[in-house]
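All the letters of the sequence shown, read from the start, carry residue numbers 1001 to 1352 under the numbering used here. Idealized CB from N, CA, C, for every residue including glycine. One structure is given here, and the rest of the page talks about it.
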Amino acid sequence: MLEELERILENGLQALENIHDEAALQEWRVRHLGRSSPVMQVFAGMGSYSKEERPLVGRRANEVKTALETALAQKEALLKQQALERKLQEERLDVSLPGRPRPLGRLHPTTRVLREIYRIFAEMGFQVYRSREVELDEYNFQLLNLPPHHPAREMQDTFYIAEDGEQTNTVLLRTHTSPGQIHAMREFSSQSPDNPPPIRLILPGMCYRYEQISARSETQFTQVEGLAVGERITFSDLKGTLTDFARRIFGQQVRSRFRASHFPFTEPSAEMDIECFLCHGAGCPVCKYTGWLEILGCGMVHPVVLRNGGYDPERYSGFAFGMGPERIAMLRYGIEDIRYFWANDARFLEQF
Ligand code: PHE
């Protein structure tokens, strides 16, 4: 029987060697230490041994059982340790690795130029005034001295929403920010009709024109309108304000000039050019060999427009201007195609 006990011990220890997980360990426990395991069977059969054999077998059986229990406990601890090490390995964290940089968003070039324009005019005391993008023919054209069939309407091909010819209530997408002049003047003049307050505003926003899309023109683009109305405002105020603006946005050395032009809502009207910063006036493809780049339209607010806004042209005068931030961005950053602005190509946007 003692030999049998040695075999039981050896079998048990050997079987334990090949165990690598918790489930197999539980199985092993039942098989080698459970109620019907070989060693427990020895205890159960104690009665069949002689008086002399019984203590020897009993002691050895106890030793074998204890040895198996100890081995089990060791194995259990080992498995636990291995599981922990595996877990640590899997969740390994290399603290010396460089961090993952989050890609930084950027401002769209139009937004950048817009903000710069806001800043410059804010310093001169101009407030931002928001005006609607969906307009009536009345505001987009008629109140701006562009009656139905006026030839200047041709310059601005229009997206009509509810087409009704060139009628007052025809709904359209504004072709310029100038209708905001009427909304703004009416709002301020209605506050005190007998004594309307002076105003200094810029009116930024999206405009739409039904145009063939090309490198130079898009169907949607931004404009910033400017409007100053008050007593004794003169053309030299207009020139001074815009010359200062050009210096602040393009650099102190930039030369500018005003060229007579025509807009139905201003009189007199002008266009402002700045010296081509590529060739400095010598002539190159960017300035079409003129040495100058056109950046905005402007003029003294037409008396009819002042009156439509609730300002008596006998007492008040004002100037207005309109510029395209995309155009300024194109000149500033050397962008050769206006279609990039809405193409949503990250390679373009990432450059700013
Ligand atoms: N609204 C004109 C345009 O879109 C620009 C402009 C605005 C001209 C204000 C004069 C005064 O071309």
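Distance CB(residue i)-CB(residue j) smaller than 9 Å
i	j	result
I1120	R1255	no
R1031	A1044	no
F1277	L1242	no
M1185	L1146	no
T1168	E1138	yes
C1298	F1258	yes
Y1333	F1352	yes
G1310	F1141	no
R1100	L1107	no
K1075	L1025	yes
Identity of the residue in the options nearest residue i by Cα
i	options	result
A1343	A1215, Q1089 and E1004	A1215
E1004	V1042, R1035 and E1275	V1042
E1211	Q1074, Q1220, N1308 and P1204	Q1220
L1306	R1112, F1141, I1182 and V1095	I1182
P1179	I1202, N1195, S1236 and V1286	I1202
S1190	N1308, C1279 and A1023	N1308
A1260	Y1208, C1284 and E1294	E1294
R1029	P1285, L1079 and L1072	L1072
R1054	T1070, L1002, K1087 and E1090	L1002
Inter-residue spacing [alpha-carbon to alpha-carbon] between residue i and residue j
i	j	result
V1064	I1008	8 Å
D1244	F1159	35 Å
R1315	P1197	12 Å
V1128	T1222	14 Å
I1338	F1348	12 Å
A1061	M1046	10 Å
Q1081	N1018	17 Å
M1155	P1193	34 Å
E1123	L1093	52 Å
D1021	M1040	24 Å
Y1208	V1095	54 Å
F1353	A1346	Nothing about residue 1353 can be reported from this structure: the residues present for the chain run from 1001 to 1352 only.
E1091	L1097	14 Å
Residue i beta carbon near the ligand PHE (any heavy atom closer than 8 Å)
i	result
S1217	no
S1269	yes
L1143	no
Q1156	yes
T1111	no
C1207	yes
T1234	no
I1178	Before going further, note that residue 1178 is Ser rather than Ile in the sequence given. Yes, Cβ of S1178 sits closer than 8 Å to a heavy atom of the ligand PHE.
E1225	yes
G1318	no
L1296	yes
G1309	no
For the stretch 1171–1181 against the stretch 1152–1163, do three or more pairs of beta-carbon atoms, one drawn from each stretch, fall closer than 8 Å, so that the two count as touching? yes
Closer than 8 Å is the cut-off here; do at least three beta carbon pairs connect the stretch 1259–1276 with the stretch 1219–1231? With a cut-off of 8 Å, the stretch 1219–1231 and the stretch 1259–1276 do not count as touching, because too few Cβ pairs lie within range.
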